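Just so we're aligned, residue 14 is where the sequence shown starts under our numbering, counting upward by one. The beta carbon of each residue, even a glycine, is placed where N, CA and C say it ideally should be. Since we're looking at a predicted model, the values are computed, not measured.
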Amino acid sequence: VDSTMATADSDGSSTNPMEIELNRLLSASGGKTKLRLAVFGGGNAYGIGLARRFDAFPYLLSDSVDNFAHTSTGPNYFSVCTETVVGDDKIYDVIIFDYWLKYGEGLAELVRRLRQRYPRAIMVFVRTWLPIHFKRKSAENETDVQTIEQWKQSVGISDETDVNTLIQMLREDDGYWYLPTHNNADAAVTEIAQSVNGIDFKFPVLDDPKDTLIAYLSRFDVHKHVHVNELGHQLIANALYVQIEATLLSRGESESDQVGHSMHGDWGNGDECMLWFNNGATAGLTYSDTIAMDEFESRDGWYALEVNEEGWIDVPNKLHDEDFTTRTLWLSYMTSPEDDVYPQLEITVSDTSTVLETVHKNDKHHSIRTVAVGQVPQGETTRIYLKPLNTTSKPFRIVGTSFTNEIATPSEFGFGPTHG
């Protein structure tokens, strides 16, 4: 920690609560727990940017880790398809969520469903800001806002500059640095964590944001400042280890007590999601010979059922719940920002027909669109009929079918563990 930022007693110790917390965090020593972990989150929880992703903080915490984190998606898919993703045989002692700024994409519902299934699990909520989040102005009342990357470029600091040199130049910089607040996200995650008596972990922020940046900078990748590095992952793992052990102590339990239990709840109304975009797997699905599975993008391994002519698919709905006689069928398919790439398609489900549009104006990329296409009976297989309505450069491409718990709703675009 930079010695210029501390307020100290005569013995040299800090009297600022946030500095005390920061020093405790930076000096914490952890260990590996025997607890069984499930992890949901984004790039940092996944381990993106590391030479070995298994050096990410979940794997430093435990040897028993199911890591459901993905680099580019929020919690929506997992909140909708929780049972499908986790399965019926797993038991977890600790469940970690790293969705701070994406909380609005279904975090509350994901937590609710996992708490129902795992009433004893310790739930941990991680909020890790990144150096790229910090902003700089030439003076507090000016409007010339820069990111750390833009500031580096403006003063001639290359991506190859070592972290110690970068820290020294930050110390000498006389600009005004600040960390934008995310009050809604902070309040929402805190409320969700409190609702399940969870651990709410975040990096302490000092009174001077530049001092905060200097204190942590060596814990992030020095080139682009968008990922936690090996030191940062060890820091998070150490801190979580301490907090998890403290939680067990407050319960009057040991790791052995937690690992020894096998109690779990149910999945409520359940879900059944079948997305083959990443693997081409359609177990239990049958379709006419006018429809074929194709790896349409071999570089990334993207698959779709291609509807070349009028045809049908038999979709099984294996869910049984006394609260429902039917379930909503959700269909996921490819769309493009350009006309004449994918055809419009008429889909008929239980004698009700709908025309599916395949053009979107969200961005310049092909995207998965997920929409409700009709109601189908529980416990039965329903035949849906598909009819392309025009000729285009590519066939209509289906990448998944889903049944939800009728509470969580798939996002229209980008639904899935990863998307194009």
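Asked, Found
"The ligand ATP heavy atom lying under 8 Å from the CB of Glu308", "With respect to the ligand ATP, the structure shown offers nothing to examine, as it has no ligands at all."
"According to DSSP, residues forming a beta bridge with Leu170", "Per the sequence presented here, residue 170 reads as Ile, with Leu not at that position. For Ile170, which the question treats as bridged, DSSP gives no partner whatsoever."
"Pair within 9 Å by beta-carbon distance, Tyr116 and Ala51", "no"
"N-terminal and C-terminal residue of the alpha helix (DSSP H) that Asn197 is part of", "196-208"
"Ordered list of beta strand (DSSP E) runs contained in the segment 315-356, each at least 3 residues", "315-320, 324-330, 339-348"
"DSSP bridge partner residues for Met287 (one or two, in chain order)", "Thr414"
"Cβ separation of Phe309 and Arg410, assumed to be a contact under 8 Å, to the nearest whole Å", "7 Å"
"Arg184 classed as buried or exposed, judged by whether at least 16 other C-beta atoms fall within 10 angstroms", "exposed"
"Through-space distance from Ala64 to Val107, alpha-carbon basis", "26 Å"
"Buried/exposed call for Glu96, threshold 16 Cβ in 10 Å", "buried"
"Burial state of Leu230, where buried means 16 or more other Cβ atoms lie within 10 Å", "buried"
"Own chain partners of Ile145 with C-beta closer than 8 Å, once the 5 adjacent residues on each side are dropped", "Thr160, Ile161, Glu162, Lys237, His238, Val239"
"Cut-off 6 Å between Cβ atoms - residues of its own chain near Arg126, not counting five sequence neighbours on either side", "Thr95"
"Whole-angstrom distance between Ala152 and Ala21, CA atom to CA atom", "Only weak support is given to the placement of Ala21: the predicted model assigns it a pLDDT of 37, under 50, and the value that follows is read from those uncertain coordinates. Straight-line Cα distance between these residues: approximately 28 Å."
"Anticipated Cβ contact below 8 Å, Ile397 with Thr371, distance rounded", "Not a contact, Cβ separation roughly 17 Å."
"Check whether Ala250 and Gly43 have beta carbons under 9 Å apart", "yes"
"Buried or exposed (CB count within 10 angstroms, at least 16 for buried), Glu122", "buried"
"Distance between beta carbons of Ala421 and Ser92, contact taken as under 8 Å", "5 Å"
"Start-to-end residues for the alpha helix (DSSP H) that takes in Asp224", "222-229"
"Residue burial classification, Asn292 (beta-carbon count within 10 angstroms, cutoff 16)", "exposed"
"Cβ neighbour criterion (16 or more within 10 Å) applied to Gln166", "exposed"
"Boundaries of the alpha helix (DSSP H) in which Gly119 is found, first to last residue", "Gly119 -> no alpha helix (DSSP H), and no H or E assigned at all."
"Residue burial classification, Ser345 (beta-carbon count within 10 angstroms, cutoff 16)", "buried"
"Bridge-paired residues (DSSP) for Arg382", "Tyr346, Phe426"
"Through-space distance from Glu351 to Ala317, alpha-carbon basis", "19 Å"
"Glu319 and Ala305 closer than 9 Å at C-beta", "yes"
"At least 3 beta-carbon pairs within less than 8 Å: the segment 198-216 vs the segment 127-140", "yes"
"Neighbourhood of Gly119 by C-beta distance below 6 Å, restricted to the same chain and skipping five residues each side", "Pro88, Asn89, Ser92"
"Gly169 versus Lys223 - alpha carbon distance", "19 Å"
"N-terminal and C-terminal residue of the beta strand (DSSP E) that Gly245 is part of", "Segment 243-263 is the alpha helix (DSSP H) holding Gly245; no beta strand (DSSP E) there."
"Spatially closest choice to Gly245 from Ile61, Ser349, Asp327, by CA coordinates", "Ile61"
"Backbone secondary structure at Gly56 - three-state DSSP", "helix"
"Secondary structure of Ile161, DSSP reduced to three states", "helix"
"Bounding residues of the alpha helix (DSSP H) (the contiguous stretch that carries Leu1)", "No answer is possible for residue 1: the residues shown for the chain start at 14 and end at 433."
"Start-to-end residues for the alpha helix (DSSP H) that takes in Leu358", "That residue, Leu358, is in no alpha helix (DSSP H); its beta strand (DSSP E) goes 358-362."
"Leu226 versus Gln256, Ser77, Val176, Val255, residue with shortest Cα-Cα distance", "Val176"
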